[in-house]
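Colleague: Have a look at the structure that comes next, please.
There are 2 protein chains.
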Amino acid sequence: MTLHSEIFEQPERLGQLLSAQRKTVETIAQAIRARDVQYAFLAARGTSDNAGRYANYLWGAMNGIPLALAAPSLFTYYQQPPKLRGALVVGISQSGQSPDIVSVLAEGRRQGCPTLAITNAPESPLAAAADFVLDIQAGPERAVAATKTYTAELMAIAMLSAALASSEARWQELSQVPAWAEQALKTDAAIGQAAQRYRYMQQCVVLGRGYNYATDFEWALKLKELTCVEAEPYSSADFQHGPIAMVGGGFPVFSVAPEGKIFDSMLRMLGHLRNDLSAELVVISNAPQALALAQIPIPIPANIPEWLTPLVCILPAQLFAYHLTLAKGYDAETPRTIHKVTETH
Amino acid sequence: MTLHSEIFEQPERLGQLLSAQRKTVETIAQAIRARDVQYAFLAARGTSDNAGRYANYLWGAMNGIPLALAAPSLFTYYQQPPKLRGALVVGISQSGQSPDIVSVLAEGRRQGCPTLAITNAPESPLAAAADFVLDIQAGPERAVAATKTYTAELMAIAMLSAALASSEARWQELSQVPAWAEQALKTDAAIGQAAQRYRYMQQCVVLGRGYNYATDFEWALKLKELTCVEAEPYSSADFQHGPIAMVGGGFPVFSVAPEGKIFDSMLRMLGHLRNDLSAELVVISNAPQALALAQIPIPIPANIPEWLTPLVCILPAQLFAYHLTLAKGYDAETPRTIHKVTETH
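Chains as they are written, first to last, in my numbering: chain A, 39 to 383; chain B, 39 to 383.
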C-alpha cells in the first residue's frame, strides 16, 4: 500500500512545500532576474522530464522563457557540450544521482551560467553541482513508481514561475492547490470500480495538449510502468493528423481535458472520437460537456486556473494506474519494469 | 511503387542538393554568424521533428548551438509566445503549410529574430514568413510516407553545420554521402527477404542514441505509419533503466548502431539483449561485432564519420518498413494512418 499512501500524501506535501520554500524560491527568482537569462536549458529523465514539459509551457507563457532540452550524451560520450551563454541551466531529478544530469549542471557552472537543481535530495551530487537548490521536500519516496515527487516538481516549477512574475495573484492561486488536490482524491473509490473495466485492455492512447501535455505523458508513463499496458501519449494536435486512424469502435482513449484555452479543440476531438468513431473514453475534466462524452468520466474541481490543472489532473490519473495494476493482478510496489535511480552515463 | 522509387531517388537528390545549395547555405551561415545567435528555437512536427533531433545533436556538438523546441500552441491557442531574444528561429516542414509552424516563424520575425525555413516548398507560407529559405529540392513527394524529404532535411541541417563551422573537411565528408547512400540501398533484396520473418510481428522497440536518436524515432515512425506495428522508439539510455524488463525470449529489438563515440555502450547493450535475454535483433551497423549479434544484420558502408551516419542508416530502415508493409499485405502508397499535410492550428 506504499504507492497508494504516497498518492494520498500529496495534498499535505504540496501545502508544506508551498509555505516552507516560498522564501527560498523568491530568493532564487531574484538571483535569476539579476542575470541576463535568455532561455532555460533543462536536463531531466523519465518522470522529471515530464515535469520539464510543464515548465516548457508555464515558463514560456507566463515568464517568456523558452526551454531547450539537453541531449545529455553530448556532455558525456561526445564531450562536445554546446555553448550555454545566456542560459539558466536546470536539472530536475528526484534522487539527484543521475551522472549524466549532474554532468550537464557541472558544465553549465564551468561555463559561468546560473545553475538550478530541483530535487528531493538536497545533499545529492546534483545539488552540489548547482548554484541554487530547490528542495521539493516530498519526503522519502518508497514506492518505485514516482507520484509525490512528480507533483512536488510541478509545484516547484509553478512557484518559481510565480516568483519570477512577482505576482501575488499567482501565489494566491497556488495556495488553493492542496485543497483542490484533496478534493480530486475523493474519486478514489469510483476509480477503483471503473478500473475493473480495463482488466484485459492491452493498448490505449493518452491525449492532452498545452499545459496538460505533461499530464498526458506522465499518465501514459505510469500506465506503462505499472500495468504493462501499451499506453502511447500523443499531443491531440499530432493525434488528429494520423494516429487517429487506428481508432475503431471500442478503442480506449484516455484524455486530460480541463477547462482552459485549448478546451474547445479538445472537446471537438472528444465529440468526434465518441460520436463518429465509437471510441471508449476515459476523461479527466471539470467541464460537464467533456465528462458527458465519456464512458468513464473523472471529475476534478471546477474553477481551477488552467496553469494549475496539471497539479490536480495527475492525481486521479495516478489512482487509475494504481487500481488498474491491482485489477490486472500485478504488484504495485515492485513493478518489474523500472528502477528507482537512473544511473545513465 | 512510388514509395520504393522515392527511396531510391535519395542518393541522386542528396548529391544535387549538396551542389546546388552550397552557396545559398554559406550565405545563410554568414548572415547567421553576423547576428548574435545564442541558441536555435525550432518548430517542426512528425518526420521533420525527427530531423530536428539530428539538429539538436549536430548543431550542439559541432557548432555549440543549443536547440529549444517550440510548443506551437503557446503561439496559437494561448497567444503567449516566449521572448525569443538571442534565438535563431527555425521552421522545418516539407510542405511549408502547417499554420502553427508558420506562426512560430512569424512571431520570431515580429520579435526581430533571424528566421530560417527548411522546406521542400520555397513558395509556401513558411518560406514567406522566413528571412532565409533553405530549399531542400527533394522534388515532389508523391508517396504519403515521407522518405526523401527526411534525408534532404538532414542534408540541409548538415550543410548548415559545415557552413557555420567553415570547415572544408566537413564539406569533403558530405560529398561522399550520395555514394554511401547508393551502397546502403544495395541491401534492398536481402531486406525484402528478411522482412518476411516479421509478417506477424505486432510490437517491437527501436533503439538508438546520440546522432542516431533521430534515426531511431524516424524508423519507428515509418513502421507505425506503414506497417501498423506498435514500434516504440527509445534512447538506449532510457531503455536500459526500465523498459528493457519487457524483453523476453524472441522479443524484437531494432537497433541503429554504427561505429562512433557511443558504439561501445550500444554494443554492450546488444550483447546483453542477445546473450542474456535471448532477444531477436535487427541491427543496422557498419561494425562486424554488432552485426554478428543480430539475427538480421543490415550492413552499411564502413568508415562513415559518425555525424553523417543518420543520412545513411535511415535508408535500409525505410526499405525495411516498405517491405514489411508489403509482407503484411498493406498498401504502401495509401497508408490509412497519415495525411500528407499537417494543418494543425
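Just so you know, even glycine gets a beta-carbon here, dropped at the ideal spot from N, CA and C.
1) Would you mind telling me which residues of chain B sit closer than 9 Å to F358(A), beta carbon to beta carbon, in chain order?
2) Measure from the alpha carbon of I342(B) to the alpha carbon of each residue in I103(B), E297(B), E256(B), then state which is nearest.
3) With a threshold of 9 Å between beta-carbons, can R83(A) be considered close to chain B, or not?
4) Tell me which residues of the segment 93-119 of chain B have at least one Cβ-Cβ distance to chain A shorter than 7 Å, keeping chain order.
5) Is Q130(B) close to chain A, meaning its C-beta is less than 9 Å from at least one C-beta of that chain?
6) Taking the runs of the alpha helix (DSSP H) that are 4 residues or longer, which of them lie wholly in the segment 190-224 of chain B?
7) Would you say I300(A) reaches chain B, if we count a Cβ-Cβ gap shorter than 9 Å as a contact?
8) Are three or more beta carbon pairs between the segment 226-241 of chain B and the segment 121-134 of chain B nearer than 8 Å?
9) Considering only C-alpha positions, which residue in the set E220(A), Y77(A), E318(A), A194(A) is nearest to A106(B)?
10) Mind checking if D226(A) is an interface residue toward chain B, Cβ cutoff 9 Å exclusive?
11) Per the contact definition of three or more C-beta pairs closer than 8 Å, is the segment 338-353 of chain A in contact with the segment 266-283 of chain A?
12) Give a yes or no on whether 9 Å exceeds the smallest Cβ distance from P281(A) to chain B.
13) Can you check which of these residues, S323(A), Q333(A), A328(A), is closest to M307(A) by C-alpha distance?
14) If distances are taken between C-alpha atoms only, which option among V291(A), F46(A), I66(A), T187(A) comes closest to A168(A)?
15) Below 8 Å on C-beta distance, what does Q149(A) contact in chain B?
16) Considering only C-alpha positions, which residue in the set P271(B), A325(B), S57(B) is nearest to R247(B)?
17) Note down, in chain order, every chain A residue with its Cβ under 8 Å from the Cβ of G124(B).
18) Report the three-state DSSP secondary structure of Q356(A) (helix, strand or coil).
19) Taking C-beta to C-beta, are A217(A) and P354(A) nearer than 9 Å?
20) Counting only beta-carbon separations shorter than 9 Å, does A275(A) have a partner in chain B?
21) Taking beta-carbon pairs under 8 Å, can you tell me which members of the segment 242-259 of chain B lie near chain A?
22) Taking Cβ-Cβ distances below 8 Å as the criterion, which residues of the segment 131-145 of chain B are in contact with chain A?
23) If L164(B) sits next to I139(B), beta carbons under 8 Å apart, how far is it from one beta carbon to the other, in whole angstroms?
24) To the nearest angstrom, how far is the alpha carbon of Q175(B) from that of E191(B)?
25) Report all residues from its chain with a CB closer than 7 Å to the CB of A269(B); omit the five preceding and five following residues, and keep chain order.
26) Within the chosen definition, does the segment 80-100 of chain B reach the segment 53-68 of chain B through at least 3 CB pairs nearer than 8 Å?
27) Excluding the 5 residues flanking C151(A) on each side, which residues of the same chain have their C-beta closer than 6 Å to its C-beta?
28) Run the CB neighbour count on D173(A), radius 10 Å, all protein chains shown included, and call it buried at 16 or more, exposed below.
29) Report the neighbours of E268(B) on chain A: residues whose CB is nearer than 9 Å to its CB, in chain order.
30) Tell me the rounded alpha-carbon separation between A81(B) and Y92(A).
31) What did DSSP end up calling I229(B) once you bin it into helix, strand or coil?
32) Could you spell out the range, first to last residue, of the alpha helix (DSSP H) harbouring V140(B)?
33) Among K224(A), E206(A), N324(A), T187(A), which residue has its Cα nearest to the Cα of G134(A)?
34) Are N101(B) and A194(B) closer than 9 Å when you measure CB to CB?
35) Distance, Cα to Cα, G129(B) vs E318(B)?
36) Helix, strand or coil: which one does DSSP assign to T62(B)?
Modeller: Once the coordinates are examined:
1) Those do not exist, as F358(A) stays about 20 Å from chain B at its closest Cβ, beyond 9 Å.
2) Taking only the C-alpha atoms, the option nearest I342(B) is E297(B).
3) Chain B, which has a Cβ nearer than 9 Å to the Cβ of R83(A), makes this yes.
4) N94, Y95, G98, A99, G102, I103, P104, L105, A106, L107, A109, S111, L112, Y115, Y116, Q118: these are the residues of the segment 93-119 of chain B whose beta carbon lies less than 7 Å from some beta carbon of chain A, given in chain order.
5) Sequence check: residue 130(B) is Ile here, not Gln. It does not: the Cβ of I130(B) has no partner Cβ on chain A nearer than 9 Å.
6) Listed in chain order, they are 206-212, 215-222.
7) Yes, I300(A) lies at the interface with chain B (some Cβ there is under 9 Å from its Cβ).
8) No: fewer than three Cβ pairs fall under 8 Å.
9) For A106(B), the nearest C-alpha among the options comes from Y77(A).
10) Answer no: the Cβ-Cβ gap between D226(A) and chain B never drops below 9 Å.
11) Touching, no.
12) Look at P281(A): its C-beta is under 9 Å from a C-beta on chain B.
13) Considering only alpha carbons, the answer is A328(A).
14) Considering only alpha carbons, the answer is I66(A).
15) Simply none; closest approach about 10 Å.
16) Taking R247(B) as reference, the option from P271(B), A325(B), S57(B) with the minimal CA-CA separation is P271(B).
17) Taking a Cβ-Cβ threshold of 8 Å, the residues of chain A close to G124(B) are Q76, Y77, G124, in chain order.
18) Residue state for Q356(A) is assigned as helix, using DSSP reduced to three classes.
19) In this structure, P354(A) does not lie closer than 9 Å to A217(A) by Cβ.
20) True, the Cβ-Cβ gap to chain B drops below 9 Å.
21) Closer than 8 Å at the C-beta level to chain A, one finds these residues of the segment 242-259 of chain B: R247, G248, Y251.
22) Flagged, chain order: D138.
23) Taking the Cβ atoms as the reference, L164(B) lies roughly 6 Å from I139(B), within the contact range of under 8 Å.
24) Each residue's alpha carbon lies about 10 Å from the other.
25) For A269(B), same chain residues with a beta-carbon under 7 Å away, outside a window of 5 residues either side, are C242, V244, A258, L261, K262 in chain order.
26) Contact fails between the segment 80-100 of chain B and the segment 53-68 of chain B, because fewer than three Cβ pairs, one in each stretch, are under 8 Å apart.
27) Answer for C151(A): L122, A125, V127, listed in chain order.
28) By the neighbour-count rule (16 or more Cβ atoms within 10 Å), D173(A) is buried.
29) For the C-beta of E268(B), the chain A residues within less than 9 Å are, from N- to C-terminus, Q241, E268, E270.
30) Their backbone Cα atoms lie some 18 Å apart in a straight line.
31) In this structure, I229(B) counts as helix in the three-state DSSP scheme.
32) From DSSP, the alpha helix (DSSP H) with V140(B) extends over 137-148.
33) That would be T187(A), whose Cα lies nearest to the Cα of G134(A).
34) Between N101(B) and A194(B), the C-beta gap is not smaller than 9 Å, which leaves the two residues out of contact.
35) Just so you know, the alpha carbons of G129(B) and E318(B) end up roughly 38 Å apart.
36) Helix.
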